[in-house]
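Residue numbers (the UniProt record's numbering): 1 to 106. Glycine included, C-beta positions come from ideal geometry on N, C-alpha and C. Please read the structure below before turning to the comments.
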Amino acid sequence: MRIPIHTALTFCWAHTTAPRSDPAAPSASTLRSPPTSRGDFSRPLVDSKQPPLDAFRSKVFQGYAAYGPHLYVPSGTSYDTSGGVVNSQVASIEMNTGKIVQGPTH
């Protein structure tokens, strides 16, 4: 699954709750804005896989916000779903390397 990243700031929320260990988990792609504004997502500029969520309290990917070279990835479930446990976290990922630069790592 490709998720478009446009030129400046983009928000996209996940359409899946697949854990990152699942090979079908989403990946993020950067596409040129003019074609994507017309609904053409066929020519990605960058295609990177969602990083592992192993170090996160929850393995549920909630989407992303892209800004500059970073992808900000929230994960977690609702308070009710988690049994009253706060498990929401956000990580900053360097899109050039795919590595988590800020957030849970262990």
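Among residues of its own chain, excluding the 5 on either side of Val-101, which ones have a beta-carbon nearer than 6 Å to its beta-carbon? Within the sequence shown, the letter at position 101 stands for residue 101. Closer than 6 Å at Cβ, skipping near neighbours: Ser-92 and Glu-94.
Just the C-alpha distance for Val-60 and Leu-53, rounded to the nearest angstrom, thanks. Working through the sequence shown from its first residue, we reach residue 60 at position 60. Working through the sequence shown from its first residue, we reach residue 53 at position 53. When rounded, the distance between both Cα atoms is 8 Å.
Burial state of residue 195, where buried means 16 or more other Cβ atoms lie within 10 Å: The shown model of the chain, from 1 to 106, leaves out residue 195, and the question about it has no answer.
What first and last residue would you give for the beta strand (DSSP E) that runs through Ser-92? Residue numbering aside, residue 92 sits at position 92 when the sequence shown is read from its first letter. That run of the beta strand (DSSP E) goes 89-94.
Report the option in Phe-56, Tyr-72 and Ala-55 whose CA atom is closest to the CA atom of His-63. Taking the first residue of the sequence shown as 1, we reach residue 63 at position 63. Note that residue 63 is Gly in the sequence shown here, rather than His. It is Tyr-72.
Kindly give me the distance between the Cβ atoms of Val-86 and Tyr-79, rounded to whole angstroms, as I take these residues to be in contact under 8 Å. Within the sequence shown, the letter at position 86 stands for residue 86. Within the sequence shown, the letter at position 79 stands for residue 79. Between Tyr-79 and Val-86 the Cβ distance is about 7 Å, and since that is below 8 Å, they are a contact.
For Ser-82 versus Phe-56, is the C-beta spacing smaller than 8 Å? As a working note, residue 82 is residue 82 in the sequence shown. As a working note, residue 56 is residue 56 in the sequence shown. Contact: no.
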